[in-house]
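Peer 1:
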Amino acid sequence: MLHAAKPIPYTILLTDKDGNSYFKTAKEELNPAKVGFTSSVIPAHKVFFGKGPNKEQDWHNPAQKLFIIVLSGVMQIETSRGEIKNFSPGEILLAEDLTGKGHKTRSLNEEPVNYLAIPSIK
Numbered sequence: 001m002l003h004a005a006k007p008i009p010y011t012i013l014l015t016d017k018d019g020n021s022y023f024k025t026a027k028e029e030l031n032p033a034k035v036g037f038t039s040s041v042i043p044a045h046k047v048f049f050g051k052g053p054n055k056e057q058d059w060h061n062p063a064q065k066l067f068i069i070v071l072s073g074v075m076q077i078e079t080s081r082g083e084i085k086n087f088s089p090g091e092i093l094l095a096e097d098l099t100g101k102g103h104k105t106r107s108l109n110e111e112p113v114n115y116l117a118i119p120s121i122k
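All residue numbers for the sequence shown refer to the numbering used here, where the first residue is 1 and numbers rise by one.
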C-alpha cells in the first residue's frame, strides 16, 4: 500500500506590478503512479545543461519561463526587492521574471554552478 508522498517544493521568481522581482514558494503535489508518485505533466519542449561563471551576473531577465535545477555548486539569486536566496544541489527555481529589472545571479564559494534548465511552456 502506498502512503501519501510529500509535495516537491520549489521557488518561483516573479515580477510585481512595479517591475521588481521577488520570490514565491510553491510546491508540486504528487499522485500515486504505476511506479512511485508523479506530479501532473508540465509542458516543456527542450532541456539543456549549463555551467554558470564563478562570478556575479548583473541584472538580467530570462528569455522565457525556465525551470533551473542546480546540480553542483551553490547559486545565489538576488531580487530587485533585495531578497537573497541560495540554491543548493537538488533545489529548483522557476524563473518567470520576464519583464522589469530582473535579478542578479552569483555562484558562491568560487565554484561554478552546474545546472539543468528546462524551458517551460506552462
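Cβ atoms here follow ideal geometry from the backbone N, Cα and C, with glycine treated the same way.
The structure presented is a predicted model; accordingly, all values stated were derived computationally and were not measured.
Spell out a yes or no on whether the region 85–92 and the region 64–72 are touching, meaning 3 or more CB-CB pairs, one atom from each, closer than 8 Å.
Peer 2: Short answer: they touch.
Peer 1: Taking 8 Å as the threshold (beta carbon to beta carbon), is Glu91 in contact with chain D?
Peer 2: Protein chain content of the structure displayed is limited to a single chain, and chain D is not contained in it.
Peer 1: Between the Cα of Asn109 and the Cα atoms of Gly36, Phe49, Pro43 and Asn54, which residue gives the shortest distance?
Peer 2: Comparing Cα positions, the closest option is Asn54.
Peer 1: Which residues bound the beta strand (DSSP E) around Asn86?
Peer 2: From DSSP, the beta strand (DSSP E) with Asn86 extends over Ile84 to Phe87.
Peer 1: At a cut-off of 7 Å, would you count Gly19 as near the ligand NAD, judging by its Cβ distance to the nearest heavy atom?
Peer 2: With respect to small molecules bound, the structure shown includes none, and the ligand NAD cannot be examined in it.
Peer 1: Does the distance from the C-beta atom of Thr105 to that of Tyr22 stay below 8 Å?
Peer 2: It is not a contact, given that the beta carbons lie outside the stated cut-off.
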